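S.K.: Next up is a structure, given as structure tokens.
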Amino acid sequence: MPLTRLQRASIAAALAVGLAAGLGVFTFGYAKGASYLTNDPAACANCHIMSEHFAAWQKGSHQAATCNDCHTPHNFVGKYVVKARNGFWHSFYFTTGRYPDPLRITERNRRVTEEACRYCHQPIVDAIEPELAGNRDQPADVAQAGMSLALANTGAHGDATMSCIRCHKYVGHFVR
Amino acid sequence: ANIMERRQEARNPFYRVVTLTDTTTDPAIWGKNFPQQYDAYLRTVDQVRTRYGGSEALPRTPTNADPRSIVAQSRLEEDPRLRDFWSGYAFSQDFREERGHAYMLSDQEFTQRQQFAQQPGTCLNCHASMYATYMRLGGGDLTRGFEAVNKMPYQEARQHVTHSVSCVDCHNPETMALRITRPAFMEGIRAVKATQGVPNFDVNRDATRQEMRTFVCGQCHVEYYFKGPEKRLTYPWSKGLTADSILAYYDVDGHNDWKHAISGAQVLKAQHPEFEMYSQGVHARSGVACADCHMPYQRVGAMKISEHHVRSPLLSIDRSCQTCHKFPEDELRARVETIQDRTFELRNIALDAVLELTRNIGAAAASDSTSPRLADARKAQRYSQFLVDFVEAENSMGFHAPQEAARVLGHAIDIARKGQNSLHGVVGAAPVALPGVGATRSRPASSGAGAAERK
Amino acid sequence: ANIMERRQEARNPFYRVVTLTDTTTDPAIWGKNFPQQYDAYLRTVDQVRTRYGGSEALPRTPTNADPRSIVAQSRLEEDPRLRDFWSGYAFSQDFREERGHAYMLSDQEFTQRQQFAQQPGTCLNCHASMYATYMRLGGGDLTRGFEAVNKMPYQEARQHVTHSVSCVDCHNPETMALRITRPAFMEGIRAVKATQGVPNFDVNRDATRQEMRTFVCGQCHVEYYFKGPEKRLTYPWSKGLTADSILAYYDVDGHNDWKHAISGAQVLKAQHPEFEMYSQGVHARSGVACADCHMPYQRVGAMKISEHHVRSPLLSIDRSCQTCHKFPEDELRARVETIQDRTFELRNIALDAVLELTRNIGAAAASDSTSPRLADARKAQRYSQFLVDFVEAENSMGFHAPQEAARVLGHAIDIARKGQNSLHGVVGAAPVALPGVGATRSRPASSGAGAAERK
Ligand SMILES: [Ca+2]
Ligand SMILES: [Ca+2]
Chain E
1 MPLTRLQRAS IAAALAVGLA AGLGVFTFGY AKGASYLTND PAACANCHIM
51 SEHFAAWQKG SHQAATCNDC HTPHNFVGKY VVKARNGFWH SFYFTTGRYP
101 DPLRITERNR RVTEEACRYC HQPIVDAIEP ELAGNRDQPA DVAQAGMSLA
151 LANTGAHGDA TMSCIRCHKY VGHFVR
Chain D
1001 ANIMERRQEA RNPFYRVVTL TDTTTDPAIW GKNFPQQYDA YLRTVDQVRT
1051 RYGGSEALPR TPTNADPRSI VAQSRLEEDP RLRDFWSGYA FSQDFREERG
1101 HAYMLSDQEF TQRQQFAQQP GTCLNCHASM YATYMRLGGG DLTRGFEAVN
1151 KMPYQEARQH VTHSVSCVDC HNPETMALRI TRPAFMEGIR AVKATQGVPN
1201 FDVNRDATRQ EMRTFVCGQC HVEYYFKGPE KRLTYPWSKG LTADSILAYY
1251 DVDGHNDWKH AISGAQVLKA QHPEFEMYSQ GVHARSGVAC ADCHMPYQRV
1301 GAMKISEHHV RSPLLSIDRS CQTCHKFPED ELRARVETIQ DRTFELRNIA
1351 LDAVLELTRN IGAAAASDST SPRLADARKA QRYSQFLVDF VEAENSMGFH
1401 APQEAARVLG HAIDIARKGQ NSLHGVVGAA PVALPGVGAT RSRPASSGAG
1451 AAERK
Chain P
2001 ANIMERRQEA RNPFYRVVTL TDTTTDPAIW GKNFPQQYDA YLRTVDQVRT
2051 RYGGSEALPR TPTNADPRSI VAQSRLEEDP RLRDFWSGYA FSQDFREERG
2101 HAYMLSDQEF TQRQQFAQQP GTCLNCHASM YATYMRLGGG DLTRGFEAVN
2151 KMPYQEARQH VTHSVSCVDC HNPETMALRI TRPAFMEGIR AVKATQGVPN
2201 FDVNRDATRQ EMRTFVCGQC HVEYYFKGPE KRLTYPWSKG LTADSILAYY
2251 DVDGHNDWKH AISGAQVLKA QHPEFEMYSQ GVHARSGVAC ADCHMPYQRV
2301 GAMKISEHHV RSPLLSIDRS CQTCHKFPED ELRARVETIQ DRTFELRNIA
2351 LDAVLELTRN IGAAAASDST SPRLADARKA QRYSQFLVDF VEAENSMGFH
2401 APQEAARVLG HAIDIARKGQ NSLHGVVGAA PVALPGVGAT RSRPASSGAG
2451 AAERK
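Chains as they are written, first to last, in the numbering used here: chain E, 1 to 176; chain D, 1001 to 1455; chain P, 2001 to 2455.
Shown next, in the form of structure tokens:
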């Protein structure tokens, strides 16, 4: 009996997930994907495509901050959720070779990074944050910058915070 | 210091010493809550010159009619051609380099342009703290107050104001959020957004925070005219923000600023179209705001604040430019000056072209005031004069949009010299028309085989 | 590909299968060692059109005289004004959009321009793999070989070459380092560096690696002429690289390309001044090289290699631009097209101005060939025609230096229209002169009180 379209799709999907998981787990082990669980920046550079960022980080102003300080949330659960998600997908893409060139930070991770700036630098930006500008309780829903033309935020102008990396895009890794 | 120790909860960094309201126009009172911003605001009295910007402090002997003891350099003395350029208009009497916000009220009150013609209260819109005045005179209705002031003679309106642009004109006193307080801008920007497919734009409701960091300046640093007998301040933007669109607007509207004394042409004066020119540049496209460059963040103690000493960014290149451009200060200054020198070079040949045309028309009219050729030549002067003035009056000498400024000047040169041709009956001369009308502005898509592949 | 391979690739990028020498001109042999570069190099046969660049593949029926079965679109058909612009010169017969490097030899050999006049061997300098030929004919002396080829008739010289530009023309076969192989560029760049205060510049000894990534292209993508009876290929750079400096050079040198068939003016043809125009732009100032955009790095396994499929960067925006500019692809394309549309708009009005002048001169000469006004008007045509052509021939439609391209066109418009005035005896008309001669190119420093404070 021929398979229905739905059945065929399900099988394909199951195979894909299985394969993806397999590859992901494989790479996670072989390619030291577990380095995602450490805080050592050198561990990120285990993947050669991270090595430019690593080199640029060493030239930059933020040796005091590790990759994870900027690229994972600053709370225990969030940190490992993001690490697991990024670790899995990055391993998967790395193994399949399907990733953009040049690398581009994803919207979700950009938000994580914007929050990280504030985690360390909140006092210095108190004056320019919307607590003052809007006197409202706003989540640190962060500005669109660089990657999108939408200006610093959406909605009425009191609604959101400044994007830090709009001006400070070189802080993490100095490249020109 | 350990970064963990420095980490604190977000807090309001300012002490609210006094309560501020919509009627607090005196910046000194706001300064009690925000002393750093206030101190910087006061420093707009400083005068330092850059190659094309800033201003020079020239001492003068105060008189009863004009009590100022220091003025900025005269642009008419720097370039005497400008006297002929504006011949017959107040600007040919007195036109100075603009300087810091602290001077805006007195420079307007005491310019000799005031002697030349009776000015309306409208002038004050951009030269004083108006918000409370508009609200008071409008009985709580901002627009009605605005209309009331427009209709007064200048001297009467002047009695209703005290300060240069002040905190209350840019900030909501409760939240300190930016706000737009000028009805002319509310109307103008609504028209612009409509041309971009955004209907019913209410700037105080719909603008993003980053847009506001430009729009507060766009309330004044723009081209304008006084519309109708009510002298309503109007921004001519309903066809768009480019020099060409604004000229096309005036052509339909029929507005003239004055009749040129040398040529008899009905001409227009362009004035400080910073917002319009900036909007054509790559910085605007990249979401960079006026405040990013002209009010860069400045570290003060443990926090950073917006530098309220609004001035030429060439006097603060490190903070205005270098966070985004990692090049040495001298290199960045050289980039700006290269752009400005190119603009200045074209501006000079364009100015010469318009002046030659102007004198040719004057001579032709003197020998035969009924010549049918005069009309076209005067139209050419009207168009080209406005286009040159658009770049001349724009205060960045082309930096805000380098290629666009050059494009506008290219059209000005073409139209002025075409006017000379048509005045002299050159055979086959192209007709005088608005810039770009009839010209091909983009390469047509291919019709050939490869077109389908176009990516 | 799997991760094991990737790790390996990182360690051992190339397998040296064959030994390469200075006489290995066949790229297929180099391709044994560097298959990825070779494969990409072969893909320069692709034809894809962008708004102003790339090229369209048009089929044609091969003939004995011209065996090509596909050509690029004709620029003369796209814009028939160009036939008049170049009237009397080979370019008015055949001028096509340029396409990939794979075609350079056959496009040169079979252009109808070859029928129009006997061309010298010099032409081949930029259309074939010349290094081994020069060395062979010069008996080991590159410059002597260059001189020998220059003097031959084209057809004879053609027998000495086989390939389009090849690996050996850009690379040292032992180290794969870039090298300059064209004596005309060695001489030209030495003159440029001398104007910048760097004496005795030996390009293969003194250039930085990043400079070399531009200079290898600058060997061909430049303005040139054939000097003297030896037909020596010469780059007219000893006064500088701007259009104005090159025009001034020709004025002193006295070189003419042809006598214009409509006006009788002695005129010049500008040709592909990409290197010169690029040098005026902000990318050059920022150290961005031709190869950064036209041969962007491409990840192949664990390595990054240079994309040897040299073409329009608009066909690889992600790798060509987004490494430096984090804006979406469509936005970056729109930025380029905005710049190009502005250039095209000015180019069109400038072209019209020159053509009007040309026809005016033709008519004036027909009615009185002894008129003393003709000389000045023809000079105006010579100057303005060259300036327009400088932008027209430059293949980025202004992108390589947007404001500079507009500045050059502004001068072209001014000079052409001044030529019309002076031909018609307009009173008070400014004299025709080289662009900017006599004009103020920068604001003079202040003489007043504030000057000392200038920062
Ligand atoms: Ca100024
Ligand atoms: Ca092409």
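Glycine is no exception: its CB is placed at the ideal position from the N, C-alpha and C atoms.
Everything numeric in this text was worked out from a predicted model, so none of it was measured.
1) Using the beta-carbon of each residue, which ones in chain E are nearer than 9 angstroms to M1303 of chain D?
2) As a quick check of your reading: which residues have a C-beta less than 6 angstroms from at least one non-hydrogen atom of ligand 3, in chain order?
3) Enumerate in chain order the residues of its own chain whose CB-to-CB distance from F28 of chain E is below 6 angstroms, with the five nearest sequence positions on each side excluded.
4) How is the alpha helix (DSSP H) around M2104 of chain P delimited, first residue to last?
5) Please determine if the segment 38-57 of chain E and the segment 84-100 of chain E are in contact, where contact requires at least 3 C-beta pairs separated by less than 8 angstroms.
6) Quick check on the DSSP output: the alpha helix (DSSP H) that includes D1320 of chain D runs from which residue to which?
7) Any Cβ of chain P within less than 8 angstroms of the Cβ of C167 of chain E?
8) Determine whether the Cβ of K1193 of chain D lies closer than 8 angstroms to any Cβ atom of chain E.
9) Using only the alpha-carbon positions, how far apart do Q2115 of chain P and D2094 of chain P sit?
10) Who does I1054 of chain D pair with in a DSSP beta bridge?
11) Which residue's Cα is closest to the Cα of S1396 of chain D: D:G1425, D:V1222, D:L1142?
12) Run through the segment 1165-1250 of chain D for me and flag every whole beta strand (DSSP E) of 3 or more residues, listed as ranges in chain order.
13) Look up W2258 of chain P in the DSSP assignment and give the residues it is bridged to.
14) Along chain D, in chain order, which residues have C-beta atoms closer than 7 angstroms to that of Y170 of chain E?
15) Rank P:I2070, P:H2171, P:V2017 by C-alpha distance to the C-alpha of E2056 of chain P and give the top, closest one.
16) Thinking C-alpha only, which one of P:I2189, P:V2267, P:V2203 is nearest K2239 of chain P?
17) Give the interface partners of R1285 of chain D over in chain P, defined as CB-CB distance under 9 angstroms, in chain order.
18) Could you tell me whether the Cβ of L1137 of chain D comes closer than 8 angstroms to any Cβ of chain P?
19) Say the cut is 7 angstroms; is the CB of N2395 of chain P nearer than that to a heavy atom of ligand 2?
20) Less than 6 angstroms between C-beta atoms, sequence neighbours within five positions excluded: which residues of the same chain meet that for S1074 of chain D?
21) I'd like to know whether the C-beta of D2318 of chain P is nearer than 8 angstroms to at least one C-beta of chain E.
22) Within 10 Å of its beta-carbon, does F1390 of chain D have 16 or more other beta-carbons around it, so buried, or fewer, so exposed?
23) Bridge partners of R2285 of chain P, per DSSP?
24) Mapping DSSP to helix, strand and coil, what is I2361 of chain P?
25) Which residues does DSSP list as the beta-bridge partners of K2304 of chain P?
26) Does the beta-carbon distance from T1021 of chain D to P1173 of chain D come in below 8 angstroms?
27) If we count Cβ pairs, one from each stretch, closer than 8 angstroms, do we get three or more for the segment 1021-1037 of chain D versus the segment 1139-1157 of chain D?
28) Counting pairs of Cβ atoms below 8 angstroms between the segment 2123-2130 of chain P and the segment 2203-2218 of chain P, do you hit three or more?
29) How is R1096 of chain D classed by DSSP in three states: helix, strand or coil?
30) Sorted by chain position, which residues of the same chain lie with C-beta nearer than 8 angstroms to E2230 of chain P's C-beta, five sequence neighbours on each side aside?
31) Please check if any C-beta of chain E sits within less than 8 angstroms of the C-beta of R2299 of chain P.
32) Leaving out five residues before and five after A2430 of chain P in sequence, what residues of the same chain have Cβ atoms less than 7 angstroms from its Cβ?
33) Starting from the Cα of E1156 of chain D, find the closest Cα among D:C1123, D:M1104, D:M1135, D:V1426 and give me that residue.
34) Do we get a CB-CB distance below 8 angstroms when we pair T2323 of chain P with the residues of chain E?
35) Assign I105 of chain E to one of three DSSP states: helix, strand, or coil.
M.R.: Answer, in terms of the structure:
1) P123, I124, V125, D126, A127, I128
2) The model depicted lacks ligand 3 and carries ligand 1 and ligand 2 instead.
3) Legend: pLDDT at F28 of chain E = 45, less than 50; position of this residue unreliable, value from coordinates given subsequently. Contacts found: S91.
4) 2104-2110
5) yes
6) Note that residue 1320 of chain D is Ser in the sequence shown here, rather than Asp. Residues 1317-1320.
7) no
8) no
9) 10 angstroms
10) Ile is not the amino acid found at residue 1054 of chain D; the sequence shown has Gly there. In DSSP, G1054 of chain D forms a bridge with D:R1049.
11) D:V1222
12) 1225-1227, 1232-1234
13) P:V2267
14) K1326
15) P:I2070
16) P:I2189
17) F2327, E2331, A2334, R2335, T2338
18) no
19) yes
20) R1096
21) yes
22) buried
23) Bridge partners of R2285 of chain P: none, in fact.
24) helix
25) P:R2299
26) yes
27) no
28) no
29) strand
30) E2147, N2150, K2151
31) yes
32) K2418
33) D:C1123
34) yes
35) coil
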